[in-house]
Amino acid sequence: MPNFLPIDRRLFLKSSVASAAMAASASAREPQGVELLVYQATGLRIGEVTPTTAIVWTRLTKNPTRNNDGIVFKKRGKSEEALKTPVEQIEGACPGQPGKIRLLYGTDLNPDNLSVTEWVTVDAESDFIHQFLLQDLKPGSQYHVMCQTSVEGQEHGLRAGTFRTAPKPEEAKPVRFCVMTCQGYPDRDHPDGHPIYPSMTAKDPDFISLTGDLVYYDNDAPSAMTIDLAHLHWQRMFSLPRLVDTLSHTSTYWLKDDHDTLDNDSWPGQKYGEVTFEEGQRIFRQQAPLGSDSYRTFRWGKDLQIWLTDGRDFRSPNKMQDGPDKTIWGAEQKAWFKRTVQESDATWKVLISPTPIVGPDRKGKNDNHANEGFAHEGNELRHWLQENVPDNFFVICGDRHWQYHSVDPDTGVKEFSVGAASNSHAGGTPGRNPKIHRFHKVQGGFLNVLVEPKQDESEIIFQLCDVDGNVAFEQRFERARVM
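The opening position of the sequence shown corresponds to residue 657 in this note's numbering, with each subsequent residue numbered one higher.
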């Protein structure tokens, strides 16, 4: 719980955020007349939002902007040149610096109504990051958040953001959210970042789920063979202007997969260059606004509950012979999932998974529940869902680079694959299977979901969108609300 401090009204009024907001409107995202430089080139990230809490991710950078003119490496894998090059000289680098960070936040921009945290010191050990836990927030409310940094007593300008808290569990409220996955750095298709980000922002989502493979340590040059290069992957991706803008202005939930933990199809105990799997876990938790649990569930009003599962921390080696002891989720996570799904009275129940449960997947893959390598647990989960939540449960999955809506012919489990974050990153499909697919298309994009409450019932709408936000496929479901 942050300690609240009095606001320096003069500093607030001359800041870029406040002066722009008071001169124009609180929704302005491109403040004019900036008087103080903002040393937060990697932006803000707001995560794990509930009706009354949120985590705000912040970082103090050495420079106000990313290194757009740095060295570009094109060859992936171990590179002696990349290993010898100071990371801050590489294109996209945003080196941090020691100093202090604090937050100002509230439901309006009136200085008298803002809460202010104490200054927090950041240094290299935390990659100059601090994650603020905000508590006692108002449910179903729009919040403004501003982050200020300071080095050696010299205070900088404020980085602005906004987010919404979830409504109370007993309230039937409309909810809009987007889900994305698989963003390659060289495949972003625009110098400012992937086109899906402004397209998702245009949908005005209450939250966005970033569902794994958010950076590619092994596929994007220079490969992250060291801790410093792993940090570089996060710096250059999440300092892209489009990503900074979107992620500073929405609530988010983050999941990791193989490429943003270590390397392709990775599991605990492995190593990539000098980076261990355990170090990859630590870096992801450092770079994403997360709480203490890697798997968790969140309620968004009466009609929606989401589950976010972890597919890396507890898995058996992929090469292990399949059977009842081979697992992706682990016994504890699996028991938690079954228990909480059965306990929930939400009208709609949605699992957001880093990898597929239904598929089908392409040949040669062997690390998810749609593959033969984990067929035993995959069958267990699909049949359990059939028996316990046959009508109001949906799977949304990342990891696959094409979009689809599948219905498992044996159990009826319904799954939506959100597709890659860009058209140039799309591909790899085994082709359309008419027995399973209700929709199948090789394209980049994202999934947009709308929950619409009615008098005694609710409707949920799934829209698979292309990178520009155009709806390529839509599926609607209606259900009477549990009273």
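C-beta atoms are modelled at their ideal positions from N, C-alpha and C, and glycine is treated no differently.
Can you tell me which of the three DSSP states residue i falls into?
i, result
"His1061", "strand"
"Ile1052", "strand"
"Pro847", "coil"
"Trp642", "There is simply no residue 642 to check, as the chain begins at 657 and stops at 1139 in what is shown."
"Ser950", "coil"
"His915", "coil"
"Arg971", "coil"
"Asp1122", "strand"
"Glu1134", "strand"
"Lys1070", "strand"
"Glu811", "strand"
"Glu930", "coil"
"Asn1027", "coil"
"Leu866", "strand"
"Leu739", "helix"
"Asn1044", "helix"
"Met802", "strand"
"Leu1106", "strand"
"Val712", "strand"
"Tyr761", "strand"
"Ile746", "strand"
"Val1127", "strand"
"Ser879", "coil"
"Met836", "strand"
Please determine, among the options, the residue with the shortest C-alpha to C-alpha distance to residue i.
i, options, result
"Gln891", "Val694, Gly748, Ile1092 and Leu1007", "Gly748"
"Leu739", "Thr983, Thr882, Trp956 and Gln961", "Thr882"
"Ile1013", "Phe1030, Trp1004 and Glu999", "Phe1030"
"Gln787", "Met836, Ala886, Thr709 and Gly1034", "Thr709"
"Gly620", "Gln804, Ile711 and Thr837", "A query on residue 620 cannot be resolved here, the shown segment of the chain reaching from 657 to 1139 and no further."
"Leu1041", "Asn1024, Asp1066 and Phe894", "Asp1066"
"Asn1048", "Val694, Asp1001 and Gln942", "Asp1001"
"Pro767", "Val1051, Glu744, His800 and Pro795", "His800"
"Tyr695", "Met856, Glu934, Phe729 and Glu811", "Glu811"
"Phe729", "Lys829, Ile746, Asp969 and Asn769", "Ile746"
"Arg952", "Asp959, Lys958 and Leu964", "Leu964"
"Tyr928", "Arg701, Leu693 and Lys734", "Lys734"
"Thr996", "Asn1044, Asn1035, His1025 and Pro980", "Asn1044"
"Pro742", "Pro707, Ser948 and His887", "His887"
"Glu744", "Asp725, Leu759, Tyr761 and Phe833", "Asp725"
"Pro795", "Ser948, Ser1062, Arg1137 and Glu826", "Glu826"
"Pro842", "Ser1078, Gly1015 and Trp956", "Ser1078"
"Arg701", "Ile939, Pro1090, Ser904 and Leu693", "Ser904"
"Ser922", "Val1069, Arg1088, Arg1137 and Asn1024", "Asn1024"
"Gly947", "Val712, Pro707 and Gly699", "Val712"
Among residues of its own chain, excluding the 5 on either side of residue i, which ones have a beta-carbon nearer than 8 Å to its beta-carbon?
i, result
"Phe732", "The question names Phe, but residue 732 in the sequence shown is Arg. Asp874, Asn875, Asp876, Ala877, Pro878 and Ser879, listed in sequence order."
Thinking residue i and residue j are a contact (beta carbons under 8 Å), I'd like their distance in whole angstroms, please.
i, j, result
"Thr908", "Pro945", "7 Å"
"Asp1124", "Pro897", "So it is not a contact: roughly 18 Å between Cβ atoms."
"Met893", "Ile864", "Rounded, the Cβ-Cβ distance is 15 Å, inconsistent with contact."
"Tyr1060", "Phe1102", "No, Tyr1060 and Phe1102 are not in contact; Cβ-Cβ is about 14 Å, not under 8 Å."
"Asp1112", "Asp869", "About 41 Å; that fails the 8 Å criterion."
"Asp969", "Gln937", "7 Å"
"Ala828", "Asp959", "6 Å"
Nearest-angstrom Cα distance between residue i and residue j?
i, j, result
"Cys1121", "Gln1099", "9 Å"
"Val1074", "Pro823", "25 Å"
"Asn719", "Lys912", "28 Å"
"Lys1005", "Asp860", "22 Å"
"Val871", "Val807", "30 Å"
"Gly752", "Ala780", "8 Å"
"Leu1037", "Ser950", "19 Å"
"Val776", "Arg820", "24 Å"
"Ile1052", "Leu885", "31 Å"
"Thr763", "Ser797", "7 Å"
"Gly849", "Ser1080", "13 Å"
"Ser972", "Thr867", "21 Å"
"Asp914", "Lys1110", "40 Å"
"Asn1104", "Glu736", "43 Å"
"Ala816", "Gly979", "51 Å"
"Asp783", "Gln942", "8 Å"
"Glu774", "Leu760", "10 Å"
"Leu692", "Asn1126", "39 Å"
"Ser671", "Gly967", "At Ser671, the pLDDT of 48 sits below 50, so the modelled position is not reliable and the matter cannot be decided from this model."
"Phe1133", "Glu1115", "6 Å"
For the ligand HEM, I want to know if residue i counts as a neighbour, meaning its beta carbon is within less than 8 Å of at least one of the ligand's heavy atoms.
i, result
"Gln1059", "The ligand HEM is not part of the structure shown, which contains no ligands of any sort."
Spatial neighbours of residue i within its chain, please: C-beta separation below 6 Å, excluding the five flanking residues on both sides.
i, result
"Thr714", "Ile757, His786 and Cys803"
"Tyr853", "Arg898, Leu899 and Thr902"
"Asn1027", "Asp1017 and Lys1021"
"Arg722", "Ala697, Gly748, Cys750 and Ser895"
"Leu1106", "Arg832 and Ile1117"
"Glu704", "Ile711 and Gly947"
"Thr983", "Ser972 and Glu1033"
Taking 7 Å as the limit between beta carbons, can you name the residues of its chain near residue i, skipping five residues before and five after?
i, result
"His1039", "Thr1067"
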